[in-house]
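J.: A single structure is presented below for examination.
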Amino acid sequence: MTVFLCQLQVHFHSLLSSIFIVLILRYFVCLICLIIIIFYYFYYYYYYYYLLLSSLFRLFKFFDINFYEYFHRL
Numbered sequence: 372m373t374v375f376l377c378q379l380q381v382h383f384h385s386l387l388s389s390i391f392i393v394l395i396l397r398y399f400v401c402l403i404c405l406i407i408i409i410f411y412y413f414y415y416y417y418y419y420y421y422l423l424l425s426s427l428f429r430l431f432k433f434f435d436i437n438f439y440e441y442f443h444r445l
């Protein structure tokens, strides 16, 4: 009887540990996916933001707009 209980306890512990490992792995995979998605969106948003700013600066250079003098005249 005690041998059966010991085997059952060992089996129960292994089952619990496997469930915990699966939960931890699932959480870890979700976390990694979330981090990848966040970095992906940040990369694209900053890339488009950078393109917009660089195009604006090129436009200002093209028209020779000097904001420092413009705002000091006001």
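Residue 372 is where the sequence shown starts when you use my numbering, and the numbers rise one by one after that.
For every residue, glycine included, the Cβ atom is placed at its ideal position computed from N, Cα and C.
For ILE408 and LEU396, I'd like the C-alpha separation in whole angstroms.
T.: The sequence position of residue 408 within the sequence shown is 37, counting from 1. The sequence position of residue 396 within the sequence shown is 25, counting from 1. Distance between the alpha carbons of ILE408 and LEU396: 18 Å.
J.: Taking the alpha-carbon positions, what's the VAL400 to TYR412 distance?
T.: Taking the sequence shown and counting its residues from 1, the one referred to as residue 400 is at position 29. Taking the sequence shown and counting its residues from 1, the one referred to as residue 412 is at position 41. Spanning the alpha carbons of VAL400 and TYR412 requires a straight line of approximately 18 Å.
J.: Rounded to whole angstroms, what is the Cα-Cα separation between TYR480 and LEU405?
T.: What is shown of the chain runs 372 to 445, which leaves residue 480 out entirely.
J.: If you draw a straight line from the C-alpha of TYR421 to the C-alpha of LEU402, how long is it?
T.: For the purposes of this step, residue 421 is taken as residue 50 along the sequence shown, with counting starting at 1. For the purposes of this step, residue 402 is taken as residue 31 along the sequence shown, with counting starting at 1. Roughly 28 Å separates the two Cα atoms.
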